[in-house]
Every structure is written in structure tokens, then in C-alpha cells.
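Novice: Take this structure first; my questions come after.
Right, dumping it as C-alpha cells:
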């Protein structure tokens, strides 16, 4: 059995080795050394559904915070800006019962976005197009609003992934000198 002084020494040495050999792994996407801040503009809304862009902005803000290791700031002060528009909102009919009672429906939302380098005034990625199609059972009043929010959350995550993992210089949709996501 190790003496108390010896076990403390081993524990301290193990901690020191762990601290010195850490790999620097992170779970979020990083923008590389050239970019540190992202701004999200309120998307345009070309759909007949009012105020959809506000809900999408909240979902984009959450997705950006969850997925990127970047500071989220006002678009006027950011290095990178996400700009886009909602292009489609459609309710879809679903299943009906034998008595022709509507039992299931769905919402289909489409958006386009691009990633801009505000300092150089150049589009780095995009436009990219993302769609979300979410079904729901008509069991209560909140079924459609909940499905709409799930679709917007899904759409926001897809846009963030498409914009920030598609930034490889030389590929279609990216400008020379685009940030490389690490």
C-alpha cells in the first residue's frame, strides 16, 4: 500500500500529465483563427405566414449558440453575417379516418441563406437551401404550432450546419479565403 505522501505525489503527477497532454478537443464547430464573431440578420419572409421570420430567428440564435464556438453579436459589428429569407410555408393534408375526419397534417418550410464576410463584403457560402417537413396528429390545438416550431428548429440546425461546414475554400459555393471550419 502506498504511503499518503506517495499517493498524493502520484495523484499530482497524474493531474499534471493530463493537463499537459490535453488534446484541445471541443464539441462545437470552430471558425478558425480568422473569424471569431457571427451576426444573424432577421430573415426576409416571402411566405404568406406572418411572423414566421421571428420564430426562425430565435431558432437560429439557439442553433448558433449550441453548435458554434463563436461569439454571437449584432450583425453590424460581426465578422461573419448570416442573411437569408423564408421562401415557402405550406400546410399539407395528411391521413383521414374512414369517416373522412382529418387525423394528421403537416407543415413544410423552406429557407435560403448565405454566409457573408462583412469586412470584405463577399459571400463565403451560399446561397444554401434547406427544407423541413414535419407531420403532426390532430389531437389538440397546439399540434400545428408545435410542429411549426419543430420544423423551424430543424431548419435552423440544417442552415447552421450547411453554412458553417461548407466553408472549404475552392468548393462550389465558397469564396477563396473562406473560413475553414476546424
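Residue numbers (this note's numbering): 59 to 240. Glycine is no exception: its CB is placed at the ideal position from the N, C-alpha and C atoms.
According to DSSP, simplified to helix, strand and coil, what is residue 156?
Specialist: coil
Novice: Do residue 131 and residue 90 have their beta-carbon atoms positioned less than 8 angstroms apart in this structure?
Specialist: no
Novice: For the candidate residues 114, 148 and 153, whose alpha-carbon lies nearest to that of residue 141?
Specialist: 114
Novice: Check for me: the beta strand (DSSP E) holding residue 128 runs from which residue to which?
Specialist: For residue 128, no beta strand (DSSP E) encloses it, and the DSSP letter there is neither H nor E.
Novice: Use the C-beta contact count for residue 122: other C-beta atoms within 10 angstroms, 16 or more gives buried, fewer gives exposed.
Specialist: buried
Novice: Work out the CA separation of residue 188 and residue 170 for me, nearest whole Å.
Specialist: Between the alpha carbons of residue 170 and residue 188 lies a distance of about 6 angstroms.
Novice: Find out if the Cβ-Cβ distance for the pair residue 166, residue 150 is shorter than 8 angstroms.
Specialist: yes
Novice: For residue 66, count the other beta carbons within 10 Å of its own beta carbon; 16 or more makes it buried, fewer makes it exposed. Which is it?
Specialist: Taking every protein chain shown into account, the CB of residue 66 has fewer than 16 other CB atoms within 10 angstroms, so this residue is exposed.
Novice: Considering only C-alpha positions, which residue in the set 168, 211, 112 and 86 is nearest to residue 100?
Specialist: 112
Novice: Figure out for me which residue from 116, 207 and 135 has the closest Cα to the Cα of residue 192.
Specialist: 207
Novice: If residue 147 and residue 106 are in contact, beta carbons under 8 angstroms, what's the gap, nearest whole angstrom?
Specialist: 7 angstroms
Novice: Using DSSP with H/G/I as helix, E/B as strand and the rest coil, what is residue 189?
Specialist: Residue 189: strand per DSSP, three-state reduction.
Novice: Tell me, which residues are paired with residue 148 by DSSP?
Specialist: 166
Novice: Do the CB positions of residue 118 and residue 174 come within less than 8 angstroms of each other?
Specialist: no
Novice: How many Å lie between residue 214 and residue 159 at the Cα?
Specialist: 33 angstroms
Novice: What's the C-alpha gap between residue 204 and residue 75?
Specialist: Approximately 49 angstroms between the Cα atoms of the pair.
Novice: Can you pull the DSSP bridge partners for residue 197?
Specialist: DSSP, once it has assigned bridges, lists no residue as partnering residue 197.
Novice: Enumerate in chain order the residues of its own chain whose CB-to-CB distance from residue 211 is below 6 angstroms, with the five nearest sequence positions on each side excluded.
Specialist: 117
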